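Enquirer: Numbering (the working numbering), first residue to last: 5 to 310.
Think of the CB as a built atom: it goes at the ideal place given N, C-alpha and C, for glycine as much as any other residue.
In this text the structure is predicted, and so the values were computed from the model without any measurement.
This is the structure, below, for whatever I ask next.
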């Protein structure tokens, strides 16, 4: 009886999944196809892009400086031509503060997400590939961190180191790194047992090369979805911290601070003071979540036919 020859190491490595090389026209075509197949996700992406553009251009399109108080302030005024969204209890323009608040909220959400994703990918992929005591130690640390309620852990750390903008980004990314690392580790565990991983290591590929060349490209869809979810979670968490008084301090403003600082006191006489930043938070977080769901459906081959 004749036996077919076993595949060589080079053949196994050649069969490993590869990232597609995307050029300019192909990238534009991919965006068009995404918009056709995922109209909700494309609309959510446009909302996110609009918020980012408004945040970046806030100093150029805002009618007043961030904390400008006129000589004769019109306090708690309603919407008008001079103040599109009214004024707060000090006479500051709500539209201006909304634009500048978007800058800080998006900075916190995106900044903490980028840092957390980098460390989550590093920890999760390393643990999945090396296993042993490295994997056990990481799982134990994640269990301890997740056992502590998120808001209590964040408040405790910020009470110790101070609630500056940089500290808030670092604290949010610290917890998210370990929480996301568990998801990345779970996605990479099955990949680490694939023949092309064993073949790569058998020909002398280092752990770093194996992670970068083979594992990372194949868990990239998971990382993209994690990033979209993490951005909205960080925005909400920063808003919660600001509402509790542990967020960014005056004169810097965020959407959470606009909701928490005296807005409840004037919610009857001037409801716009509370509603405007609340609606901005809801719309932005909803857009990020919808975009994340659409991105997951688009990247997951099992869900593309739905």
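Let me know the secondary structure DSSP gives residue 97 once reduced to three states.
Expert: On the chain shown, residue 97 is found 93 positions in, with the first residue counted as 1. Note: residue 97 maps to strand in three-state DSSP.
Enquirer: Suppose you measure from the CA of residue 214 to the CA of residue 99; what does that come to, to the nearest Å?
Expert: Numbered from 1 along the chain shown, position 210 holds the residue referred to as residue 214. Numbered from 1 along the chain shown, position 95 holds the residue referred to as residue 99. Each residue's Cα considered, the two are about 50 Å apart.
Enquirer: Verify whether the separation of the beta carbon atoms of residue 295 and residue 120 is less than 8 Å.
Expert: For the purposes of this step, residue 295 is identified with residue 291 of the chain shown, where counting begins at 1. For the purposes of this step, residue 120 is identified with residue 116 of the chain shown, where counting begins at 1. Not closer than 8 Å, so no.
Enquirer: Run the CB neighbour count on residue 210, radius 10 Å, all protein chains shown included, and call it buried at 16 or more, exposed below.
Expert: Stepping through the chain shown from its first residue, residue 210 is reached at position 206. The residue is exposed, with fewer than 16 neighbouring Cβ atoms inside 10 Å.
Enquirer: Residue 58 and residue 103 look like a contact to me (Cβ under 8 Å); what is the Cβ gap, rounded to whole Å?
Expert: Residue mapping note: residue 58 aligns to position 54 of the chain shown, counting from 1. Residue mapping note: residue 103 aligns to position 99 of the chain shown, counting from 1. About 6 Å separates the two Cβ atoms, so the contact holds.
Enquirer: Relative to the C-alpha of residue 195, which residue among 224, 180, 172 and 184 is closest?
Expert: Within the chain shown, residue 195 is the residue found at index 191, counting from 1. Closest by alpha carbon: 224.
Enquirer: From the DSSP output, read off the bridge partner residues of residue 91.
Expert: Taking the first residue of the chain shown as 1, we reach residue 91 at position 87. Answer is 97, bridged to residue 91.
Enquirer: Are the beta-carbon atoms belonging to residue 229 and residue 299 less than 8 Å from one another?
Expert: Along the chain shown, one-based indexing puts residue 229 at 225. Along the chain shown, one-based indexing puts residue 299 at 295. Against a cut-off of 8 Å, the Cβ pair of residue 299 and residue 229 comes out as a contact.
Enquirer: Can you give me the Cβ contacts of residue 245 inside the same chain, cut-off strictly under 6 Å, excluding the 5 residues immediately before and after it?
Expert: Numbered from 1 along the chain shown, position 241 holds the residue referred to as residue 245. The beta carbon of residue 245 sits closer than 6 Å to the beta carbons of 251 from its chain, once the five residues preceding and following it are set aside; these are given in chain order.
Enquirer: Could you tell me which of 263, 154, 175 and 153 sits nearest to residue 162, measuring between CA atoms?
Expert: As a working mapping, residue 162 is identified with position 158 in the chain shown. Nearest option by C-alpha distance: 175.
Enquirer: Looking only at C-alpha atoms, which of 107, 44, 243 and 274 sits nearest to residue 64?
Expert: Reading the chain shown from its first residue, position 60 is the one you call residue 64. The option with the nearest alpha carbon to residue 64 is 107.
Enquirer: Looking at the structure shown, is residue 197 part of a helix, part of a strand, or coil, going by DSSP?
Expert: Here the question's residue 197 lines up with position 193 in the chain shown. It is coil, neither helix nor strand.
Enquirer: Going by the CB atoms, is the gap between residue 264 and residue 242 shorter than 8 Å?
Expert: Translated into the one-based positions of the chain shown, residue 242 becomes position 238. Translated into the one-based positions of the chain shown, residue 264 becomes position 260. Their beta carbons are not under 8 Å apart, which means residue 242 does not touch residue 264 by this criterion.
Enquirer: Of all the options 268, 130, 139 and 255, which has the alpha carbon lying nearest to the alpha carbon of residue 168?
Expert: The residue labelled residue 168 in the question sits at position 164 within the chain shown. Per the Cα distances, 255.
Enquirer: Measuring only the C-alpha atoms, how far is residue 297 from residue 290?
Expert: For the purposes of this step, residue 297 is taken as residue 293 along the chain shown, with counting starting at 1. For the purposes of this step, residue 290 is taken as residue 286 along the chain shown, with counting starting at 1. For residue 297 and residue 290, the distance between alpha carbons rounds to 11 Å.
Enquirer: How about residue 273 and residue 61: are their beta carbons less than 8 Å apart?
Expert: Working through the chain shown from its first residue, we reach residue 273 at position 269. Working through the chain shown from its first residue, we reach residue 61 at position 57. Not closer than 8 Å, so no.
Enquirer: For residue 147, count neighbouring Cβ atoms within 10 angstroms of its own Cβ and tell me buried if that reaches 16, exposed if not.
Expert: Stepping through the chain shown from its first residue, residue 147 is reached at position 143. Residue 147 is exposed by the Cβ-count criterion.
Enquirer: Could you say which of 67, 219, 70 and 288 lies nearest to residue 189 if we only look at CA atoms?
Expert: Start at 1 with the first residue of the chain shown, and residue 189 comes out as number 185. Ranking 67, 219, 70 and 288 by Cα distance to residue 189 puts 219 first.
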